[in-house]
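**Student:** One structure, as structure tokens, below. Some questions next.
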Amino acid sequence: MAADGAGELLQAKVSTSASSVSKEATEHDTLKYHLLGPSLTKAGQDTVDQQKVSEVIYNASKGSKFFNNEEVKDKNLTQKIERILVKKRQLERLDLASDRRRADDYITELEMTRDLSQTVVHIDCDAFYAAVEELDRPELKDVPMAVGKGVLTTCNYHARKFGCRSGMAGFVAQKLCPDLISLPLNFEKYTAKAQEIRTILAEYDPRFESASIDEAYLNITDYCNENDLKPWDAVMQLRAEVHEKCRITISAGLAPNAKIAKVASNRNKPNGQFMVTNDRVTVLAFMRDLPTRKVNGIGRVFERELDAIGVKTCGDIYSFRQYLSKLFGEKAFQFLMQTYLGLGRTSVQPAEDYERKSVGTESTFRDMSDPNELRDKLRWIAEELEKDMTRTQFKGRTLVLKIKLYTYEVLTRQFAPPKAVCSADDLYNYALPMFAKLEKEIPTMKLRLMGLRCTHLVSTKKPEKDFFGMGLQRFSSTDSHDSDGNNSSRTVTDNKGEWQVWPDSEFEASERQERQAELEEAERLSQEYAQQECNEEEALEEANRRRKHGREILPNPIPREKGGQKLDSGIGFRKPETGYKKPEPDKPVKEVWRCPVCQRPQDADERSFNEHVDFCLSKQAIKETAQEHFPLPLQAVALRETAGRENANERRRGRSSHKRKLDPADRGMKKLCSGVAEKG
DNA sequence: CATTTTAAT
DNA sequence: CTGCATTAAAATG
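Sequential numbering from 233 applies to the first sequence in this note's numbering.
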């Protein structure tokens, strides 16, 4: 969900004050900026007086423990930035010719991977929850309204004029806008509406990728070729279709890759679209003036660090290329260079394809210090986690205990039990010693949060029979992980990784019951789709799939025209049709079939293709893949055989698994900015 | 150097 | 002023 709101004003203030003015004033300003929250970014809302807004927020939160903690964090960051600047001044006296050369070589290498042959679209629903609520109560369209009680998950554009935004505490929002109407969350409703929209998206790209409940990436290259449409017109059509059938307005960004598409979708919001054409010069020009903060992966912290050394826009990155890896680390360096060049992934894929790495639960409560009460709480968390482990069908080889003190300070401890665990008893028994140890270390064990998480997951899914009726080797809970600690027979992620993902920077204060209700709704919807779209055989498989996965999967809806096609059971899966995609006349193409298991292109020869698929299957990447592919006709995909067609990220993808490995450049950079690299 | 912890998104 | 997941870097031993 786009967190609209202007940051430019304060951003400018932060930058100037960072270099001059008194230190106290500086800290005051950066803190206020920090308090504006993570969602102050992207699109601008010029009608808002950010000065006033930040003043109100500051005064409203002043004195709270939360505030104090933010103050501490801000001070630490300011110190960290000071260290970065010191380090940079040291570097300036050194000869960095080799670093510069290395950066230039990397740029050359990256440039060879540039792929301008694809069109990626980022779809973003406008004030989604608020818009859904307005469908039921049209009178709310004309007044400032927000969704979410204690904290706003989103608000309509009237409310945004007052400075309200997602992620803001409810009482703060009320101060900014006394007439604000706050509605409780009705999550099933939003999920149902999201599914309606997804049904339409699937017709444009059946393998579209949901990024959150109201955001998705599509690769519309094939769609445009098949229907002889220009990307712009295809997206106009898509948006009109969504508006007409779902009564929801969406904004879209079109670009040669996902990273730019994401930025672009914010340019003409709400109810608009923006395109960055597939042209190197256009891309570079677009990046040159783009403030760093607009890029996915650069948040409040990294923005300030970059600003401190003089990088305000993505174009500024270039002239600092020789410093970046020493100041921010290697991954950050790579990420920034790709950002400067406007490179990003061109591939999108359903979220089920992502590999889950951990399952955890945590809960916040009133300050608590009684040891017995805390143990009860821990026990309860363990029971909650057991449910999640059962649902997602995992055991964990490592258990992580997390606590948050009443001061908001967070601590974690981990332990690797002798065996993979998932039962509440085991979870509790292994967590308790960690907890007891913490009790000894911490003078006043007064907590506001406790959490448990399992990592180094091991699937506990029953092998049963696989999709083709071939027996699969049984794998025990402890022998199916490879040396990376990853499990190659990983199950499909549960839908919390997917449509239950909160919109960016937004959250709900919902209780587990609400989530349960949502799951039930998802199940119901899934059944509906099964009936609508599948023939009897397929419906049976659909039912089977749900049995195997519980209620966890909410697959991409099946496009109408394609869902009707019948598959030869089993074989159809492995015998792709040819001529699915028209080759472009002016470019040499080589026909290949894409392996449904590992997603890698294979020679378009039936025998070798089947051999390859067998190989992949024997490596057990299988069941989930079969499931996600079953409803879809297998298509031969023609790939252009041009160098750099596949970008570096795609190539780096693991051989052993078809699951996507996350790459900093792929998906926004997670934590690459935590400070000066001081080793060596 | 491997593992643990922190912190950012 | 939440909850869940992922990632990278720093700290630790």
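All C-beta atoms, glycine included, are put in the ideal place defined by N, C-alpha and C. Being a predicted model, the structure only gives us computed values, none of them experimental.
Kindly list the residues whose CB is nearer than 7 Å to the CB of T545, restricted to its own chain and excluding five residues on each side of it in sequence; keep chain order.
**Tutor:** For T545, where only same-chain residues beyond five positions count, the Cβ hits under 7 Å are R520, D521, L522, P523, T524.
**Student:** Would the beta-carbon of Q570 fall within 8 Å of that of L342?
**Tutor:** Yes.
**Student:** Three-state secondary structure (DSSP) at K284?
**Tutor:** Here K284 sits in helix by DSSP.
**Student:** Can you give the beta carbon distance from D356 to K558, rounded, assuming they're within the 8 Å contact cut?
**Tutor:** Actually they are not in contact, since the Cβ atoms of D356 and K558 sit about 36 Å apart, beyond 8 Å.
**Student:** Where does A668 land, buried or exposed, given buried means 16+ other C-beta within 10 angstroms?
**Tutor:** A668 should be labelled exposed.
**Student:** Apart from the five residues on each side of it in sequence, which residues of its chain come closer than 8 Å, Cβ to Cβ, to I413?
**Tutor:** Same-chain partners within the cutoff: L372, V375, P376, M377, A378.
**Student:** What does the alpha-carbon distance come out to for the pair V690 and V653?
**Tutor:** When rounded, the distance between both Cα atoms is 9 Å.
**Student:** My assumption, with CB atoms under 8 Å, is that L617 sits in contact with G592. Please give the rounded CB distance.
**Tutor:** Correct: roughly 7 Å between the Cβ atoms.
**Student:** Would you tell me roughly how many angstroms separate the C-alpha atoms of G399 and C387, rounded to the nearest one?
**Tutor:** Between G399 and C387, the C-alpha separation is close to 10 Å.
**Student:** Under a Cβ-count criterion, where at least 16 other Cβ atoms within 10 Å of its own Cβ denotes burial, should K494 be classed as buried or exposed?
**Tutor:** Burial call: buried.
**Student:** Measure from the alpha carbon of T596 to the alpha carbon of each residue in Q554, V642, L659, L367, then state which is nearest.
**Tutor:** Closest option to T596, Cα to Cα, is V642.
**Student:** Alpha carbon to alpha carbon, how far is K651 from M621?
**Tutor:** The alpha-carbon atoms of K651 and M621 are separated by roughly 15 Å.
**Student:** Taking the continuous beta strand (DSSP E) assigned at N451, which residues delimit it?
**Tutor:** Unbroken beta strand (DSSP E) run through N451: 447-451.
**Student:** Which residue from N457, A434, M677, E428 puts its Cα closest to that of D599?
**Tutor:** Checked all of N457, A434, M677, E428; the closest Cα to D599 is M677.
**Student:** Checking 8 Å against the spacing of the C-beta atoms, do L348 and N510 come in under that value?
**Tutor:** In contact: L348 and N510 (Cβ atoms closer than 8 Å).
**Student:** Measure the alpha-carbon distance for F534 versus I316 and round it to whole angstroms.
**Tutor:** When rounded, the distance between both Cα atoms is 12 Å.
**Student:** Helix, strand or coil for I316, going by three-state DSSP, please let me know.
**Tutor:** Reduced to three states, the DSSP call for I316 is helix.
**Student:** Is R645 helix, strand or coil by DSSP?
**Tutor:** If DSSP states are grouped into helix, strand and coil, R645 belongs with the strands.
**Student:** In whole angstroms, what is the alpha-carbon distance linking R479 and R392?
**Tutor:** If you take the alpha carbons of R479 and R392, they lie about 21 Å apart.
**Student:** Taking the alpha-carbon positions, what's the F518 to R607 distance?
**Tutor:** The alpha-carbon atoms of F518 and R607 are separated by roughly 55 Å.
**Student:** List the endpoints of the continuous beta strand (DSSP E) containing G402.
**Tutor:** That residue, G402, is in no beta strand (DSSP E); its alpha helix (DSSP H) goes 402-408.
**Student:** Quick one: using the 10 Å Cβ neighbour count with 16 as the cut-off for buried, is L326 buried or exposed?
**Tutor:** It is exposed - the Cβ of L326 has fewer than 16 other Cβ atoms within 10 Å.
**Student:** Does the Cβ-Cβ distance between Y662 and F647 come in under 8 Å?
**Tutor:** A contact, by the Cβ cut-off of 8 Å.
**Student:** Suppose the cutoff is 8 Å on Cβ atoms and the five residues either side in sequence are ignored; what does the same chain contact list for T351 look like?
**Tutor:** Result list for T351: N451, I452, T453, C456, P463, L486, A487, P488, N510, in chain order.
**Student:** In the segment 448-535, which residue ranges form an unbroken beta strand (DSSP E) of at least 3 residues, counting only runs that do not cross its ends?
**Tutor:** List check, beta strand (DSSP E) in window: 482-487, 505-507.
**Student:** How many Å lie between L323 and Y338 at the Cα?
**Tutor:** Taking the straight line joining both Cα atoms gives about 20 Å.
**Student:** Buried or exposed for E671, please, with buried defined as at least 16 other CB atoms from any protein chain shown within 10 angstroms of its CB.
**Tutor:** E671 should be labelled exposed.
**Student:** Rounded to the nearest angstrom, what separates L470 and I445 at their Cα positions?
**Tutor:** Going from the Cα of L470 to the Cα of I445 covers about 18 Å.
**Student:** Whose C-alpha, out of L637, T692, L681, D658, is nearest the C-alpha of E673?
**Tutor:** When only C-alpha atoms are compared, the closest one is L637.
**Student:** Mapping DSSP to helix, strand and coil, what is I674?
**Tutor:** Coil.
**Student:** Specify, as a first and last residue, the run of the alpha helix (DSSP H) that E371 falls within.
**Tutor:** Taken as a continuous stretch (DSSP letters only), E371 belongs to no alpha helix (DSSP H), as it is neither H nor E.
**Student:** Does the contact criterion of 3 or more C-beta pairs under 8 Å hold for the segment 284-294 versus the segment 405-412?
**Tutor:** Yes: at least three Cβ pairs fall under 8 Å.
**Student:** Is DSSP giving T630 helix, strand or coil here?
**Tutor:** Correct three-state label for T630: strand.
**Student:** What separation, rounded to the nearest whole angstrom, lies between the Cα atoms of L568 and F552?
**Tutor:** Rounded to whole angstroms, L568 to F552 spans 10 Å at the Cα level.
**Student:** When DSSP labels each residue in this structure, what does G547 get in the three-state scheme?
**Tutor:** In the structure shown, G547 sits in a helix (DSSP, three-state: H, G or I).
**Student:** Can you tell me whether E587 is helix, strand or coil according to DSSP?
**Tutor:** E587 falls in the coil class under three-state DSSP.
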